[in-house]
Amino acid sequence: MKPLILSILVLILLPGRAVPANGPISEATETCLGCHALSTPGIVADWKNSRHSKVTPKEAVAKPPLERRVSAEKIDEALGKNVVGCAECHTLNSGKHPDSFEHGGTNVHVVVSPQDCAVCHPVERTQYDQNLMSRAHGNLVKNPVYLNLADSVNSIQKFDKMRTTLQAPDEETNADSCLFCHGTEVKVKGFRNRETSQGEMKFPILSGWPNQGTGRINPDGTLGACTPCHTRHGFSIETARKPYTCSTCHKGPDVPAYKVYEVSKHGNLFSSHQKSWDFNKVPWTVGKDYTAPTCAACHVSLVVNEGGDMIAERSHKMSDRLPWRLMGLIYAHPYPKSADTSIIKNKAGLPLPTELTGEPVTQYLIDSKEMEKRLKTLQNICLTCHSSEWTENHFKRLENTIRTTNEMTLTATKIVSTAWEKGVAKGLAQKDSPFNEYIEKKWVEQWLFYANSTRFASAMGGADYGVFAEGRWYLSKNIQEMLDHLQLMLKIRK
Amino acid sequence: MKPLILSILVLILLPGRAVPANGPISEATETCLGCHALSTPGIVADWKNSRHSKVTPKEAVAKPPLERRVSAEKIDEALGKNVVGCAECHTLNSGKHPDSFEHGGTNVHVVVSPQDCAVCHPVERTQYDQNLMSRAHGNLVKNPVYLNLADSVNSIQKFDKMRTTLQAPDEETNADSCLFCHGTEVKVKGFRNRETSQGEMKFPILSGWPNQGTGRINPDGTLGACTPCHTRHGFSIETARKPYTCSTCHKGPDVPAYKVYEVSKHGNLFSSHQKSWDFNKVPWTVGKDYTAPTCAACHVSLVVNEGGDMIAERSHKMSDRLPWRLMGLIYAHPYPKSADTSIIKNKAGLPLPTELTGEPVTQYLIDSKEMEKRLKTLQNICLTCHSSEWTENHFKRLENTIRTTNEMTLTATKIVSTAWEKGVAKGLAQKDSPFNEYIEKKWVEQWLFYANSTRFASAMGGADYGVFAEGRWYLSKNIQEMLDHLQLMLKIRK
Amino acid sequence: MKPLILSILVLILLPGRAVPANGPISEATETCLGCHALSTPGIVADWKNSRHSKVTPKEAVAKPPLERRVSAEKIDEALGKNVVGCAECHTLNSGKHPDSFEHGGTNVHVVVSPQDCAVCHPVERTQYDQNLMSRAHGNLVKNPVYLNLADSVNSIQKFDKMRTTLQAPDEETNADSCLFCHGTEVKVKGFRNRETSQGEMKFPILSGWPNQGTGRINPDGTLGACTPCHTRHGFSIETARKPYTCSTCHKGPDVPAYKVYEVSKHGNLFSSHQKSWDFNKVPWTVGKDYTAPTCAACHVSLVVNEGGDMIAERSHKMSDRLPWRLMGLIYAHPYPKSADTSIIKNKAGLPLPTELTGEPVTQYLIDSKEMEKRLKTLQNICLTCHSSEWTENHFKRLENTIRTTNEMTLTATKIVSTAWEKGVAKGLAQKDSPFNEYIEKKWVEQWLFYANSTRFASAMGGADYGVFAEGRWYLSKNIQEMLDHLQLMLKIRK
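Chains as they are written, first to last, in the working numbering: chain Z, 8 to 501; chain Y, 8 to 501; chain B, 8 to 501.
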């Protein structure tokens with residue numbers, strides 16, 4: 008067989024593997040690979056298959072604008088000439104990393120942070136920093152109401168003398184529960200020596216580790232992690248664009264985005280036809296690279312049509328395409344202005360974006376003009392496959408669902424408030440947690456599970472999920488159950 | 008490389024894409040594509056990948072009988088000579104479509120309906136018309152009992168003076184809830200002008216739109232939609248044959264077919280090996296094109312063995328292979344004779360296929376001979392991979408499960424009836440909804456969720472789902488909970 | 008095109024199908040295939056695609072040690088010279104099979120059992136025999152406490168005179184419920200004649216059939232089945248290595264391994280990248296054949312690095328890599344020593360591995376040294392992709408979760424015990440089932456669903472599942488609900 012035929016065969020048969028060999032590797036990375044190919048073969052193999060191992064930053068910067076995967080205008084020659092290997096990231100900004108330690112002759116750090124990634128990807132880092140997800144730790148922990156809810160979930164309950172008492176959750180429980188996704192605070196507790204195949208070596212002792220939460224506080228003080236979506240050590244855009252990745256945090260009844268997507272027509276098409284899609288192309292061409300949106304297509308990615316016209320700019324501030332915040336809070340409301348939501352205070356003095364009656368706390372939330380702008384940005388993507396009529400009506404229906412689910416939450420709030428007023432339960436006014444009694448927990452489920460789920464189902468066209476699975480059936484049943492409970496409590500008190 | 012080699016390579020490397028270019032396109036469709044390739048690139052790209060864009064009806068009719076994908080014996084020459092493009096469907100039967108409007112020099116309609124599809128696919132349309140799914144709108148909305156259940160789910164509940172009142176659901180809520188799958192009634196409310204990239208253009212205003220429910224009432228008065236399964240604008244048989252498609256409506260706890268399939272051995276094999284199956288072949292050869300059935304294989308598709316012998320004829324009247332109706336109603340029962348179930352009346356005068364005691368209302372249901380015939384049709388498919396003993400015993404076990412789950416429902420019915428009789432809840436006899444109180448909602452869950460799920464799990468060999476996930480554990484716990492509630496209500500009344 | 012090019016093309020284009028034709032087939036199997044290619048085409052096609060149809064045992068034994076898929080040192084020449092077809096398994100050890108019957112001139116048996124498989128795979132059979140899964144039938148049925156729990160789930164409840172009575176479940180219900188996965192007892196009830204396409208033929212009548220439970224009791228008296236994981240008639244290692252297979256039994260809330268895996272980063276990577284993995288290679292090379300573990304990688308498979316160094320030996324005694332038993336019982340505890348857990352007795356005389364207070368019954372459980380050994384075996388796999396610090400901290404966190412979930416179970420146990428003591432519920436001391444009343448069922452959910460799920464989520468890094476989906480939210484809410492119920496019962500009794 009002639010060489011030409013063989014080359015053509017290779018190019019045709021192995022799409023995406025056309026790069027015949029990995030690119031130039033720095034001496035420092037060569038040293039790392041020397042041991043780690045044996046000690047952590049999975050990491051090394053993953054990296055070898057990655058784009059990081061094949062393209063130098065210098066080459067990456069030189070791509071045509073729409074095809075660029077790095078946003079730095081210029082990258083230092085010394086860094087740019089070799090592919091992005093172990094040493095390139097794990098020795099970057101070394102002085103800023105308290106977890107940096109001498110390892111095989113070099114100072115390396117364990118926790119690569121957004122400021123390291125920002126050397127090549129500064130725009131993405133800045134955008135992500137303005138994204139709620141980068142603040143997910145503080146937005147939970149620095150908000151006393153949310154923290155109280157978290158504690159009511161994670162505490163150990165003891166039973167004695169016909170009552171229960173709560174013992175505050177330990178750090179490991181928090182890391183294994185809410186902070187798994189929200190992000191822990193990773194701190195250097197010291198260093199210690201360990202036996203390794205290379206003899207005794209020094210390693211940092213980290214608390215809150217391991218963790219890949221989106222709002223992780225890193226030892227260098229930066230907020231957030233890139234790896235929940237751009238998984239180590241392949242950092243593949245394919246991974247980030249697949250809804251499975253989003254689902255690791257967005258699947259539970261509190262935020263069932265993936266479950267709703269699965270029963271939507273979009274999810275149906277993704278599941279049925281993804282094998283023929285190209286998840287690695289930049290920019291991402293609708294109809295060619297994919298035929299139905301994934302989470303990334305609607306919320307993050309740079310999308311173009313076959314003519315190369317821009318349909319949506321890439322943004323790692325996901326709220327750029329989100330007028331409403333549908334989830335997590337008592338009522339759906341216009342998106343908060345600041346990524347740091349712990350600064351919000353409502354009229355009642357609570358750190359909540361609405362009053363207990365649902366009225367939005369407007370000064371902390373985006374205005375209708377900004378909402379309209381974000382909606383248009385999102386709708387541009389819908390319009391690549393749907394008519395204007397279809398698209399407008401879809402969002403009108405969502406707005407109606409926001410209104411009705413907020414009303415169903417208000418009804419539940421009135422019932423629990425009556426329980427507080429009439430003294431059959433104790434809330435904030437009684438100096439007690441509003442989340443620790445049975446009727447209060449039912450109230451939480453009304454908004455955190457059922458109203459949220461119904462809105463997601465409406466927003467993403469996965470209605471089946473919003474009826475019986477975790478939606479309107481429970482919204483209505485739960486009210487009846489709360490009312491029954493209230494009436495019973497009042498009756499037996501007499 | 009020689010041209011011959013290249014051609015062979017293309018043929019081998021691109022299976023299913025062997026059609027070298029799209030077929031002849033009508034002038035009208037060329038006009039549509041002129042703008043829409045830019046304005047809705049996703050739709051155009053989807054269609055370009057579709058069989059509709061590659062094969063003319065004339066060619067389709069000429070295929071050998073078993074390979075035919077169209078059932079019309081003859082197709083009009085003018086229509087048949089070009090591939091099936093935009094204009095072919097969206098201008099067909101124009102005079103019958105109230106949503107038809109002048110658009111770029113042609114009268115087009117938005118909502119392509121079964122009578123349009125029937126020009127090439129008349130047998131499928133007729134069969135589907137005899138299928139419960141095409142009547143899903145009326146079967147819900149024209150049945151006062153079911154409508155009352157739907158309203159109890161979708162109404163907005165208000166709380167005042169220690170009681171709740173229900174405000175009937177608005178049209179948008181219904182469209183976003185039950186009717187999302189059951190189908191809305193799509194009506195033309197008028198026309199309006201819109202700014203487009205081509206200047207101001209007229210478009211119809213549609214209520215109940217968007218919707219892709221299986222029993223949609225179209226503006227032309229026809230019932231049903233083909234697109235829930237044959238998704239626009241690829242209309243691919245691959246999509247329809249994948250269980251993900253069925254799952255968009257058949258996944259919730261009321262009808263968990265997909266969830267049961269997932270934990271069944273059939274689903275296990277589908278998930279593990281689908282990548283090497285051929286979902287596009289007609290007819291579909293067991294063992295060659297697929298090695299374990301999907302929903303379509305058992306319930307719809309034309310299945311043959313490798314020798315080309317018929318194992319099952321294609322039918323879009325899915326009940327052709329279904330002796331029992333397992334789901335949706337209070338008790339499982341023989342399949343209804345008519346697709347329109349709103350005509351059924353039981354002895355108590357209720358539009359239900361059984362009495363409240365479970366006794367079937369035989370005159371509206373198929374008889375044992377017809378049941379036997381349908382069972383045999385279904386079992387023919389089982390027998391391609393299972394022995395007679397295996398197959399018979401499997402269905403004996405299902406019949407046992409139907410009996411026991413009906414009994415567990417009867418027990419729940421007796422408890423709720425006692426509550427009605429003793430005056431601690433209000434049912435039909437008390438001129439109240441039988442679905443709006445707590446104990447009544449528990450009763451609904453007994454049959455709509457737990458008995459249904461247990462039967463599906465038995466029918467499809469996904470037992471894991473029918474025990475703890477949504478099956479017998481809850482069937483038994485729910486009875487205990489209902490009884491506790493009844494006893495408590497009676498006790499505190501004294 | 009030259010023949011050489013064609014051959015190369017075939018070899019390149021059809022990876023895994025490089026075996027040009029099926030191997031030598033025995034005369035007896037030829038006879039089977041003669042009819043069964045027509046009567047059960049799906050089975051024959053599945054087998055034809057299988058390795059069994061392509062490789063003779065003789066060839067299989069001759070492979071290099073790490074690549075061997077058979078563990079027999081030597082296989083009888085007569086058996087070894089042909090590929091493993093119908094007759095090779097279904098006529099093996101014929102005299103030991105009570106379901107053996109004369110069929111087309113040969114004695115064949117329906118239920119191929121582990122002792123048949125053991126002719127080529129003796130090590131796997133012995134290991135599996137020491138695995139809890141092979142004893143799953145007896146471990147449930149011979150343990151009066153578990154059997155009572157199963158009966159409380161599967162019984163038919165009747166309602167009369169304001170109380171319910173339980174009617175013990177029939178055999179078919181048990182086979183369709185718990186024993187579907189745990190395994191039925193398959194017995195020969197006689198023989199009968201059936202009409203077939205070949206005229207009347209004799210077949211055995213089997214009770215408890217069909218069944219593919221892991222602990223099935225076979226007609227030949229052997230325990231267990233290989234086919235739940237190595238599905239008939241492909242018996243492919245690819246199937247067994249995919250988590251979908253494990254999920255057929257390990258998905259419900261009682262044992263949500265698959266659901267947790269799905270939301271874990273491992274599951275995320277499997278779902279996103281499995282299409283480029285090689286599930287058929289033996290041994291299985293981390294980083295090359297797969298880039299994130301499936302169930303099999305951590306718990307069963309022979310895993311090596313690219314240099315061919317052993318990372319984990321294959322074991323079909325899955326507990327070889329499991330220090331703790333996290334699921335199924337009231338409290339998590341060190342793994343039982345014996346696969347037969349029905350022999351365990353605690354101080355209270357109950358067949359449980361812990362006291363009701365959670366204290367482990369140490370003489371039946373592995374000691375800390377054995378636990379440490381198993382943990383190291385498992386951690387070796389983690390260490391291929393994770394640092395020592397990461398790995399150790401992960402398991403420390405799991406141990407913390409075991410402790411806290413056991414505590415949350417203890418609290419629930421104290422509440423139900425108080426109900427028993429105070430006479431508002433009846434437990435063992437009152438000669439009643441501890442599983443049939445409402446508060447008792449809540450108690451069961453505390454450990455069987457919520458504590459289990461939380462531990463799985465912690466063990467496999469799928470935290471999202473362990474918080475709101477079926478984890479800590481319910482652990483805490485359930486206690487509050489049980490306490491409310493207890494207090495109410497005490498109050499209204501007065």
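No residue lacks a Cβ here, since even glycine has one placed at the ideal position from N, Cα and C.
Closest Cβ-Cβ distance between residue i and chain Z: below 9 Å?
i       : result
G23(B)  : Low confidence applies to G23(B): its pLDDT is 35, below 50, so where it sits in the model is not reliable, and the reading given next is rough at best. So, not an interface residue.
L216(Y) : Residue identity check: residue 216(Y) is Trp in the sequence provided, not Leu. Judged by the 9 Å Cβ criterion, W216(Y) is in contact with chain Z.
E202(B) : no
E131(Y) : no
L490(B) : yes
V474(B) : yes
I318(Y) : no
L497(Y) : no
D261(Y) : yes
R248(B) : no
With a cut-off of 9 Å, does the C-beta of residue i fall near any C-beta of chain B?
i       : result
K484(Y) : yes
N150(Z) : no
Compare the C-alpha of residue i against each of the options and name the closest.
i       : options                            : result
H116(B) : V126(B), S46(B), L99(B)            : L99(B)
E377(Z) : I351(Z), T255(Z), L329(Z), L139(Z) : L329(Z)
D158(Z) : T416(B), R479(B), E399(B)          : R479(B)
G111(Z) : G87(Z), C39(Z), S57(Z)             : C39(Z)
S107(B) : Y371(B), K196(B), K295(B)          : K196(B)
A458(Y) : K484(Y), Q437(Y), D439(Y)          : K484(Y)
With a threshold of 8 Å, establish whether the CB of residue i neighbours any heavy atom of the ligand GDP.
i       : result
P330(Y) : Ligands are entirely absent from the displayed structure, and the ligand GDP is therefore not among its contents.
What residue range does the alpha helix (DSSP H) around residue i cover?
i       : result
M489(B) : 479–500
E320(Y) : No alpha helix (DSSP H) holds E320(Y); DSSP gives it neither H nor E.
K449(Z) : 445–451
D158(Z) : 151–161
Does any residue of chain Y bring its CB to less than 9 Å from the CB of residue i?
i       : result
W284(Z) : no
V431(Z) : no
E80(B)  : no
W397(Z) : yes
S279(Z) : yes
T408(Z) : yes
T221(B) : no
Between which two residues does the beta strand (DSSP E) holding residue i run?
i       : result
N114(Y) : 113–115
Q174(B) : 170–174
E80(Z)  : Where E80(Z) is concerned, there is no enclosing beta strand (DSSP E), given that its DSSP letter is neither H nor E.
Original post:
Are at least three pairs of beta-carbons, each pair with one atom in the stretch 218–236 of chain Z and one in the stretch 183–191 of chain Z, less than 8 Å apart?
Top reply: Taking a cut-off of 8 Å on C-beta distances, the stretch 218–236 of chain Z touches the stretch 183–191 of chain Z, as three or more cross pairs fall below it.
**OP:** Give a yes or no on contact between the stretch 131–143 of chain B and the stretch 448–468 of chain Y, applying the rule of three or more CB pairs nearer than 8 Å.
**Re:** Segments in contact, no.
Subject >> Whole alpha helix (DSSP H) elements within the stretch 188–258 of chain Z, 4-residue minimum >> reply: The stretch 188–258 of chain Z contains these whole alpha helix (DSSP H) runs: 244–248, 250–254.
Original post:
Pairing CB atoms from the stretch 371–389 of chain Y with CB atoms from the stretch 320–329 of chain Y, are three or more of them under 8 Å?
Top reply: Flag = yes, the stretch 371–389 of chain Y and the stretch 320–329 of chain Y touch.
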